[in-house]
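Q: Chains as they are written, first to last, in this note's numbering: chain A, 1 to 114; chain B, 1001 to 1114.
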């Protein structure tokens, strides 16, 4: 299975600022996904990121708020822009494994916005 | 509107007994289902999956049952061990959609008591 790392693992930020979360995979993957898990809630897909093309956002998420980069097949970043306390969540990246028909997740970034 | 529901937020089971975690879904187009386990401060870990062409899939102590007519699936863990204590997420997807975009339930926290 793919090994996925995320940076930072956690952060405390002031409202109005932005935070960029990095996701690194140990193998080349076509699709990477970004999820958010708000307290007591399920994992919600923010966007799908393919290398070389713009990310595809789910309903309720927009590029201005969550810009995503995917410069190569092993790396992606998610920026949480102009943060408010409602953005306090765990942010997770994942990659797809077609052969095993599943997704593997990174350890998550725990974000608290004051 | 939650398309995947896990109505029990928590479950306590004695070590050695059976743990049964339940999941219901509303979208009849879902045809592939997965269970993930999540420990605190870690990302979800894939456990087991089932395709809609089956009604049962087994992997060691873990068995998933699917009842398509009832739009219900369950995860059985036998025998339960203290290390199984975690949050379990049910997820569903349309396997023909081109990627495994997952819709998650809110999770059930399992506590296995020694």
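No residue lacks a Cβ here, since even glycine has one placed at the ideal position from N, Cα and C.
Which residues of the stretch 1016 to 1036 of chain B have a Cβ closer than 9 angstroms to any Cβ of chain A? Give them in chain order.
A: If the cut-off is 9 angstroms between Cβ atoms, the stretch 1016 to 1036 of chain B has 1032, 1034, 1036 near chain A.
Q: Could you pull out every residue in the same chain whose Cβ sits closer than 6 angstroms to the Cβ of residue 1013(B), ignoring the five residues on either side in sequence?
A: Cβ neighbours of residue 1013(B) beyond the five flanking positions: 1019, 1080, 1112.
Q: Helix, strand or coil: which one does DSSP assign to residue 71(A)?
A: Of the three classes helix, strand and coil, the one that applies to residue 71(A) here is strand, per DSSP.
Q: Would residue 60(A) pass as an interface residue toward chain B - the criterion being a Cβ-Cβ separation below 8 angstroms?
A: Not an interface residue.
Q: Give the straight-line distance between the Cα atoms of residue 50(A) and residue 1114(B), rounded to the nearest whole angstrom.
A: Cα-Cα distance, rounded: 45 angstroms.
Q: Measuring only between beta-carbons, confirm whether residue 112(A) sits less than 8 angstroms from chain B.
A: Residue 112(A) does not count as touching chain B.
Q: Using C-beta distances below 8 angstroms, list every residue in its chain close to residue 1086(B), excluding the 5 sequence neighbours before and after it, in chain order.
A: Within the same chain, residue 1086(B) has close Cβ partners 1037, 1038, 1039, 1109, 1110.
Q: So with Cβ pairs under 8 angstroms, would you call residue 5(A) a contact of chain B?
A: Closer than 8 angstroms: no.
Q: Distance check for residue 43(A) and residue 1042(B), CA to CA, integer angstroms please.
A: In a straight line, the C-alpha of residue 1042(B) is about 13 angstroms away from that of residue 43(A).
Q: Please report the straight-line C-alpha distance between residue 10(A) and residue 88(A), rounded to a whole angstrom.
A: Distance between the alpha carbons of residue 10(A) and residue 88(A) is about 11 angstroms.
Q: Nearest chain A C-beta to residue 1056(B) closer than 8 angstroms, yes or no?
A: Residue 1056(B) does not count as touching chain A.
Q: Reducing DSSP to helix, strand and coil, say where residue 101(A) ends up.
A: Three-state DSSP puts residue 101(A) in coil, outside helix and strand.
Q: Measuring CB atoms only, is the stretch 1062 to 1077 of chain B touching the stretch 72 to 92 of chain A, in the sense that at least three cross pairs come out at less than 8 angstroms?
A: Result no; under three Cβ-Cβ pairs closer than 8 angstroms.
Q: Pick out whichever of 97(A), 98(A), 90(A) has its Cα sitting closest to the Cα of residue 6(A).
A: It is 90(A).
Q: DSSP beta-bridge partners for residue 1077(B)?
A: 1019(B), 1062(B), per the DSSP bridge assignment.
Q: What ranges does the beta strand (DSSP E) occupy inside the stretch 34 to 72 of chain A, keeping only unbroken runs of at least 3 residues that lie completely in it?
A: The stretch 34 to 72 of chain A contains these whole beta strand (DSSP E) runs: 43 to 50, 68 to 72.
Q: Taking the continuous beta strand (DSSP E) assigned at residue 1036(B), which residues delimit it?
A: Taken as a continuous stretch (DSSP letters only), the beta strand (DSSP E) holding residue 1036(B) covers 1032 to 1038.
Q: What is the residue span of the beta strand (DSSP E) that residue 6(A) lies within?
A: Per DSSP, residue 6(A) belongs to the beta strand (DSSP E) from 4 to 7.
Q: Using a C-beta to C-beta distance shorter than 8 angstroms, which residues of chain B count as neighbours of residue 41(A)?
A: Here the neighbours are 1106.
Q: On the three-pair Cβ rule with 8 angstroms, is the stretch 1044 to 1064 of chain B touching the stretch 1020 to 1032 of chain B?
A: Yes, the stretch 1044 to 1064 of chain B touches the stretch 1020 to 1032 of chain B.
Q: Please state whether the Cβ-Cβ distance between residue 104(A) and residue 1(A) is less than 8 angstroms.
A: Contact: yes.
Q: How long is the line joining the alpha carbons of residue 12(A) and residue 84(A), rounded to whole angstroms?
A: For residue 12(A) and residue 84(A), the distance between alpha carbons rounds to 12 angstroms.
Q: Report the residue from 111(A), 60(A), 68(A) whose alpha carbon sits nearest the alpha carbon of residue 31(A).
A: Here the closest residue by C-alpha is 68(A).
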